[in-house]
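This report refers to the structure that appears directly beneath it.
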Amino acid sequence: MASQADTDTGGGLAVDPMHQFEVHALVPIKLGGLDASFTNASLWMVISALVVALVLMVGSKKLVPGRLQSVGELAYEFISNLMRDVVGEKGRPFFPFIFTLFVFILACNMMGMVPYSFTVTSHIIITFAMALSVFIGVTVLGFIQHGVGYLKLFVPSGIPMVMLPLLVVIEVISYLTRPVSLSVRLFANMMAGHTMLKVFAGFVVALGVLGGWMPLAFMVAFTGLEILVAFLQAYVFAVLTCIYLNDALNMHH
Amino acid sequence: MEAEAAKLIGAGIACIALAGAGVGIGQIFGSYLSGALRNPAAAGGQFANLLLGFALAEATGLFGLVMAFIILFVF
């Protein structure tokens, strides 16, 4: 892919914007026919998890929190309020799952903003694995809670009988595209943002000392936006997971 | 037409989707501002919804950008 990108779409740019997304094995491991190598993606996932553990666990547990403890408590309250608003009391047992999901995605997105790092969430397989596990878990939970009655989710109430077959098909399709839209939203935001930063970095080099400050100023502003987007997308992922969870736990039909 | 040229044109056309994202983001912030000026007391409580709407609208446009990337780098 990289060599093809160089020849096809390099287009005279000094840097290949897609080079930063390459996965390469750091410790090659072969399990039977499977390639289970420890890659740079795995490395940055471990680093993100370690950063989260550092912020949330290290440090004293005092009644009056210090700086590090405040960050952890803020994150906890943030997700706790979100779940209370969206899901209600029935969602309390699922708080650890949503909190872990949010904090892990946030850490991965933020570690991706460090120069020369690797953005784990800019690969669709990783976001899709998370979205698919949310989707399967919520569906199984819905059937456990409501039995066959969970299928009523696909039948909107107060609709004329003539419209019903069409609407049920639309509802089923929109339910099945949930994991795709959930994963592509996160992946597309991360990939597009980092590609754009890299393309503008190429402009800085190409324009040199005289004109290079213009794209540089744009990049500084855009990096700020990217940090906002990194937080927002983790938040959106958590909110949508809560909404799906709410559909499964408290059915309105 | 060469396949290479058609690929580049297709990727360019796929980026038109971003126009819709621009309209959507403008609509969200415009509506928020007009609502906030009418009732400034309620504005603070809706800030999280504003950011959520912004993120959702932006993501929809980026689906088009992903199509452009797929056309450029996969085929």
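In order, the protein sequences belong to chains F and V.
According to this note's numbering, the first sequence is numbered sequentially starting from 131.
According to this note's numbering, the second sequence is numbered sequentially starting from 21.
From the three backbone atoms N, C-alpha and C, an ideal C-beta is built for every residue, glycine too.
Simplified DSSP state of residue i, which is helix, strand or coil
{"i": "F168/F", "result": "strand"}
{"i": "V194/F", "result": "coil"}
{"i": "C372/F", "result": "helix"}
{"i": "Y246/F", "result": "coil"}
{"i": "A88/V", "result": "helix"}
{"i": "D146/F", "result": "coil"}
{"i": "H253/F", "result": "coil"}
{"i": "V310/F", "result": "helix"}
{"i": "C35/V", "result": "coil"}
{"i": "S287/F", "result": "coil"}
{"i": "E24/V", "result": "helix"}
{"i": "F229/F", "result": "helix"}
{"i": "N59/V", "result": "coil"}
{"i": "G64/V", "result": "helix"}
{"i": "G218/F", "result": "coil"}
{"i": "N211/F", "result": "helix"}
{"i": "V188/F", "result": "coil"}
{"i": "V182/F", "result": "helix"}
{"i": "F95/V", "result": "coil"}
{"i": "M381/F", "result": "coil"}
{"i": "V302/F", "result": "helix"}
{"i": "E78/V", "result": "helix"}
{"i": "L297/F", "result": "helix"}
Under 9 Å from the C-beta of residue i: neighbouring residues of chain V
{"i": "N319/F", "result": "A75, E78, A79 and L82"}
Within chain V, partners of residue i - CB distance below 7 Å
{"i": "Q363/F", "result": "A75"}
{"i": "V369/F", "result": "L72"}
{"i": "R315/F", "result": "A79"}
Closer than 7 Å: residue i CB and nearest the ligand MG heavy atom
{"i": "F49/V", "result": "Looking for the ligand MG in the displayed structure turns up nothing, as the structure carries no ligands at all."}
Sheet register partners of residue i (DSSP bridge)
{"i": "K160/F", "result": "D165/F"}
{"i": "A155/F", "result": "T169/F"}
Proximal chain F residues relative to residue i, where beta-carbon distance stays under 7 Å
{"i": "L71/V", "result": "L362"}
{"i": "L57/V", "result": "Going along chain F, no residue has its Cβ under 7 Å from L57/V, so there is no contact; the nearest lies around 23 Å."}
8 Å contact criterion, which residue i and residue j should meet: CB distance rounded
{"i": "S313/F", "j": "F348/F", "result": "Rounded, the Cβ-Cβ distance is 29 Å, inconsistent with contact."}
{"i": "L72/V", "j": "V369/F", "result": "6 Å"}
{"i": "V334/F", "j": "L346/F", "result": "5 Å"}
{"i": "F284/F", "j": "V302/F", "result": "5 Å"}
{"i": "F225/F", "j": "S247/F", "result": "About 30 Å separates the two Cβ atoms, so there is no contact after all."}
{"i": "V268/F", "j": "A378/F", "result": "5 Å"}
{"i": "L85/V", "j": "A322/F", "result": "5 Å"}
{"i": "M148/F", "j": "T307/F", "result": "27 Å between Cβ atoms; not a contact."}
{"i": "V176/F", "j": "N376/F", "result": "Their Cβ separation, rounded to whole angstroms, is 33 Å, which puts V176/F and N376/F out of contact at 8 Å."}
Residue i: contacting residues in chain V (beta-carbon distance under 8 Å)
{"i": "V366/F", "result": "L72, A75, L76 and A79"}
{"i": "A336/F", "result": "None at all; the shortest Cβ gap to chain V is about 20 Å."}
Closer than 8 Å at the beta carbon, the chain F residues around residue i
{"i": "V86/V", "result": "V314, F317, A318, M321 and A322"}
Next item on the list: Starting from the N-terminal side, write out each stretch of the alpha helix (DSSP H) that is 4 residues or longer and does not extend beyond the stretch 320-370 of chain F.
Entry: The qualifying runs do not exist here; there are none.
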